[in-house]
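Participant:
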Amino acid sequence: MALAQAKQSATEERLAALTMPDAGCTRKAREAALARVREMGLPGRRDEYWKYTQPDTLISAQAPAAALFQNDEAPMFNEFDRLKIVFIDGVFSPEESDELSMEGVTIDRLEDICCKDIHWAKELYGVLEANGQTPVHRPLAALNTAFASDGVAIHVTGKPAKPISLIYRHASETSDAILHHVVRVESGAEVTILENGPAASRFNKCMEIDIADGGTLHHVRAQGRDHQRRAATHMFTRMGTESVYKSFTLTVNGVLTRNEQVVELTGDDAVVHVAGACVGDGEFHHDDTVFVTHDAVNCESRQVFKKVLRNGATGVFQGKILVKAGAQKTDGYQISQSLLLDEDSQFLAKPELEIYADDVACSHGSTSGAIDETALFYLRSRGVPTKEATDMLTLAFLAEAVQEIEDEALAEVIVTRLQDWLARRR
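Oh and the sequence shown: position 179 is 179 in full-length UniProt numbering, straight run, nothing missing.
1. Assess, as a yes-or-no matter, whether the region 154 to 173 is touched by the region 21 to 30 under the definition of 3 or more beta carbon pairs within less than 8 Å.
2. Assuming the contact rule is C-beta atoms closer than 8 Å, Ala231 and Leu250 should be a hit. Round their C-beta distance to whole Å, please.
3. With H, G and I counted as helix, E and B as strand and the rest as coil, what does DSSP make of Asp281?
4. Would you please state the rounded distance, in angstroms, between the beta carbons of Ala296 and Ala327? I believe it to be under 8 Å.
5. How far does the beta strand (DSSP E) with Val220 in it extend, from its first residue to its last?
6. Please report the distance separating the alpha-carbon of Leu166 from that of Glu260.
7. Does the count of Cβ pairs from the region 345 to 360 and the region 376 to 391 closer than 8 Å reach three?
8. Could you tell me the alpha carbon to alpha carbon distance between Ile264 and Glu300, rounded to whole angstroms?
9. With a threshold of 8 Å, are at least 3 pairs of Cβ atoms found where one atom belongs to the region 42 to 54 and the other to the region 87 to 94?
10. Give me the residue from Ile193, Ile335, Lys329 and Asn253 with the minimum Cα distance to Thr289.
11. Would you mind sorting Ser9 into buried or exposed? The rule is 16 or more other CB atoms within 10 Å of its CB.
12. Exposed or buried, what is Asp210 when buried is set at 16 or more other beta-carbons lying within 10 Å of its beta-carbon?
13. Among Val292, Ile414 and Ile371, which residue has its Cα nearest to the Cα of Ile355?
14. Do the region 280 to 288 and the region 367 to 377 make contact, defined as three or more Cβ pairs closer than 8 Å?
15. Please state whether DSSP places Asn204 in a helix, a strand or coil.
16. With distances taken between CB atoms, is the gap from Leu341 to Ile371 smaller than 8 Å?
17. In terms of residue numbering, what span does the beta strand (DSSP E) encompassing Gln419 cover?
18. Distance, Cα to Cα, Pro163 vs Leu83?
19. Measuring only the C-alpha atoms, how far is Tyr245 from Glu13?
20. Whole-angstrom Cβ separation of His155 and Leu110, contact assumed at under 8 Å?
21. Under the rule that 16 or more other beta-carbon atoms within 10 Å means buried, what is Glu208, buried or exposed?
22. DSSP beta-bridge partners for Leu309?
23. By DSSP, does Thr330 sit in helix, in strand, or in coil?
24. Identify whether Asp108 lies in helix, strand or coil by the three-state DSSP scheme.
25. Do Phe248 and Glu123 have their C-beta atoms closer together than 8 Å?
26. Between Ile113, Phe80 and Met235, which lies nearest to Ala275 when the distance is taken from Cα to Cα?
27. Taking DSSP's pairing of strands, which residues face Arg258 in a bridge?
28. With Thr172 as the anchor, note down where its alpha helix (DSSP H) starts and where it stops.
29. Please go through the same chain and pick out, in chain order, the residues whose beta-carbon is closer than 6 Å to the beta-carbon of Leu143, but skip the five residues on each side of it.
30. Give the C-beta separation of Thr26 and Ile113 to the nearest angstrom, bearing in mind that I take them to be a contact with Cβ-Cβ under 8 Å.
31. Near Pro21, what residues of its chain come up, given a Cβ to Cβ distance below 7 Å and the 5 sequence neighbours on each side ignored?
32. For the beta strand (DSSP E) holding Phe77, just list the boundary residues, first then last.
33. On a Cα-Cα basis, can you pick out the residue from His119, Asp268 and Ala313 that is closest to Thr53?
34. Using the Cβ count rule (16 or more neighbours within 10 Å means buried), how would you classify Gln5?
35. So what does DSSP say about Asp391, is it helix, strand or coil?
36. Specify, as a first and last residue, the run of the beta strand (DSSP E) that Glu195 falls within.
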């Protein structure tokens with residue numbers, strides 16, 4: 001009883017610090033989400049899928065301060081021609097952004113949608129998030145749906161000539177940003193969405209993605225670098241027949257990052273690849289929690305996650321493949337691995353398979369270990385200094401995850417950033 005009361009008190013304290021925006025066509029979804037938050041309560045360490053990650057700083061009434069980090073590196077993805085959409089401390093910046101117009105796609109701000117009674121995003125806003133609350137509660141996502149103050153609605157009807165780039169910048173040491181994006185990819189359409197930047201001292205982001213039959217979405221995220229941020233991100237994806245969704249996330253340092261992905265394959269012959277690579281040290285805590293549900297025939301899913309940890313860093317992976325009855329010919333693959341560069345770091349994993357169909361090919365595995373001493377000795381015997389040899393083996397370890405990026409130029413940018421991070425720590 002005392003724990004329940006404490007959880008309710010923490011929930012109400014957090015809610016009291018927030019103001020629901022004027023909602024327009026999203027009002028009912030926001031009110032329903034607020035009711036879900038109150039019913040579930042905000043997360044605590046007693047919750048099954050939070051036992052490895054301390055949520056206190058993600059749910060406190062005020063955001064913990066995070067020093068602004070001056071970075072002399074060029075911003076991520078600057079090498080590419082892209083449509084830039086910039087948010088500073090969670091607020092859209094028209095001065096820094098490109099015009100929100102490109103053939104094959106329409107883009108609207110959430111703030112503008114909230115002034116309308118009718119908009120296509122009404123059919124999606126909060127819907128996939130609500131569906132994703134079963135069987136596991138995700139109260140921070142519901143909190144986002146209720147109180148998101150900005151974001152974009154991206155409607156892809158063709159094949160835009162260049163990627164859409166969501167850029168997040170941090171300008172205030174106590175900024176507390178809540179962003180909600182909605183993406184619809186129509187039948188036969190294809191788009192690449194890029195995301196990068198530290199966003200805020202504390203960042204709660206939700207993205208709901210609906211991919212129609214034959215639609216394709218390539219999604220590459222880069223979080224960091226070397227920032228004292230705390231972030232909780234939530235991705236909810238629904239996939240139609242012969243649709244394709246390929247997602248990769250790079251995380252470089254940060255105090256606390258919790259990335260949740262919920263994917264539901266509802267159409268036959270759909271393909272989803274969800275991958276991630278992270279590198280961190282010190283107080284770095286990184287949590288990937290991924291749920292993929294097969295609810296159609298002949299679908300493919302891959303989960304590939306690699307973490308490099310040192311100086312007491314912590315990595316968490318919780319991944320589940322659920323194959324429903326009737327989802328025959330499912331091909332499900334899941335691998336999570338960590339490379340521990342010292343004895344003080346730790347990797348906590350909870351891989352799961354739940355299968356109710358009999359004609360499937362599913363596998364999962366999770367391993368954790370140190371640098372291969374034999375390989376290290378071989379490189380050193382060929383004249384490679386120890387630190388450089390360690391970096392080479394580290395990049396080789398991360399390669400399986402990075403190779404999930406289809407665009408070779410994008411993959412090269414990710415590898416370069418990983419090389420830079422390792423070089424700074426020699």
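Just so you know, even glycine gets a beta-carbon here, dropped at the ideal spot from N, CA and C.
Facilitator: Answer, in terms of the structure:
1. no
2. Position 231 of the sequence shown, counted from the first residue, corresponds to residue 231. Position 250 of the sequence shown, counted from the first residue, corresponds to residue 250. Rounded, the Cβ-Cβ distance is 13 Å, inconsistent with contact.
3. Working through the sequence shown from its first residue, we reach residue 281 at position 281. In the structure shown, Asp281 sits in a strand (DSSP, three-state: E or B).
4. Counting from one through the sequence shown, the residue named residue 296 turns up at place 296. Counting from one through the sequence shown, the residue named residue 327 turns up at place 327. With 8 Å as the limit, Ala296 and Ala327 qualify as a contact, their Cβ atoms being about 6 Å apart.
5. By 1-based counting over the sequence shown, the position of residue 220 is 220. Here the beta strand (DSSP E) through Val220 covers Thr216 to Gln223.
6. Position 166 of the sequence shown, counting from 1, holds the residue named residue 166. Position 260 of the sequence shown, counting from 1, holds the residue named residue 260. Those two C-alpha atoms are separated by around 18 Å.
7. no
8. Mapped onto the sequence shown, residue 264 falls at position 264. Mapped onto the sequence shown, residue 300 falls at position 300. Looking at the sequence itself, residue 264 is Glu, so the reference to Ile does not match. Near 12 Å, if we compare the C-alpha coordinates of Glu300 and Glu264.
9. no
10. Here the question's residue 289 lines up with position 289 in the sequence shown. Checked all of Ile193, Ile335, Lys329 and Asn253; the closest Cα to Thr289 is Ile335.
11. On the sequence shown, residue 9 is found 9 positions in, with the first residue counted as 1. Exposed.
12. For the purposes of this step, residue 210 is taken as the residue at position 210 of the sequence shown. Its Cβ being crowded by 16 or more others within 10 Å, Asp210 is buried.
13. For the purposes of this step, residue 355 is taken as residue 355 along the sequence shown, with counting starting at 1. Comparing Cα-Cα distances from Ile355 to each of Val292, Ile414 and Ile371, the minimum goes to Val292.
14. no
15. Your numbering for residue 204 matches position 204 in the sequence shown. Note: Asn204 maps to strand in three-state DSSP.
16. To locate residue 341, count along the sequence shown from 1; it is residue 341. To locate residue 371, count along the sequence shown from 1; it is residue 371. Their beta carbons are under 8 Å apart, which means Leu341 touches Ile371 by this criterion.
17. Position 419 of the sequence shown, counting from 1, holds the residue named residue 419. Careful: Gln419 lies outside any beta strand (DSSP E), inside the alpha helix (DSSP H) at Glu408 to Arg424.
18. In the sequence shown, counting from the first residue as 1, residue 163 sits at position 163. In the sequence shown, counting from the first residue as 1, residue 83 sits at position 83. When rounded, the distance between both Cα atoms is 6 Å.
19. By 1-based counting over the sequence shown, the position of residue 245 is 245. By 1-based counting over the sequence shown, the position of residue 13 is 13. C-alpha separation (whole angstroms): 38 Å.
20. In the sequence shown, the residue the question calls residue 155 occupies position 155. In the sequence shown, the residue the question calls residue 110 occupies position 110. Rounded, the Cβ-Cβ distance is 13 Å, inconsistent with contact.
21. For the purposes of this step, residue 208 is identified with residue 208 of the sequence shown, where counting begins at 1. Looking at its Cβ environment, which holds 16 or more other Cβ atoms inside 10 Å, Glu208 is buried.
22. As a working note, residue 309 is residue 309 in the sequence shown. The partner list for Leu309 (beta bridge, DSSP) reads Gly280 and Leu340.
23. Taking the sequence shown and counting its residues from 1, one reaches residue 330 at position 330. Three-state result, Thr330: strand.
24. Looking up residue 108 in the sequence shown gives position 108. Correct three-state label for Asp108: strand.
25. Taking the sequence shown and counting its residues from 1, one reaches residue 248 at position 248. Taking the sequence shown and counting its residues from 1, one reaches residue 123 at position 123. Cβ distance not < 8 Å, so Phe248 and Glu123 don't count as in contact.
26. Taking the sequence shown and counting its residues from 1, the one referred to as residue 275 is at position 275. Nearest C-alpha to Ala275: Met235.
27. Within the sequence shown, numbered from 1, the residue matching residue 258 stands at position 258. Note: Arg258 sits in a beta bridge opposite Ala232 and Asp287.
28. If you number the sequence shown from 1, residue 172 lands on position 172. In the sequence on display, residue 172 carries Ser and not Thr. Careful: Ser172 lies outside any alpha helix (DSSP H) and carries neither H nor E.
29. For the purposes of this step, residue 143 is identified with residue 143 of the sequence shown, where counting begins at 1. Contacts found: Val37.
30. For the purposes of this step, residue 26 is taken as residue 26 along the sequence shown, with counting starting at 1. For the purposes of this step, residue 113 is taken as residue 113 along the sequence shown, with counting starting at 1. Indeed they touch by this definition, with Cβ atoms about 7 Å apart.
31. Locating residue 21 in the sequence shown gives position 21, counting from the first residue. Hits under 7 Å: Cys114 and Ser149.
32. Taking the sequence shown and counting its residues from 1, the one referred to as residue 77 is at position 77. Unbroken run through Phe77: none, as it is neither H nor E.
33. For the purposes of this step, residue 53 is identified with residue 53 of the sequence shown, where counting begins at 1. The candidate whose alpha carbon is nearest that of Thr53 is Ala313.
34. For the purposes of this step, residue 5 is identified with residue 5 of the sequence shown, where counting begins at 1. With fewer than 16 other Cβ atoms within 10 Å, it is exposed.
35. In the sequence shown, the residue the question calls residue 391 occupies position 391. Of the three classes helix, strand and coil, the one that applies to Asp391 here is helix, per DSSP.
36. For the purposes of this step, residue 195 is taken as residue 195 along the sequence shown, with counting starting at 1. Segment Glu190 to Asn196, the beta strand (DSSP E) holding Glu195.
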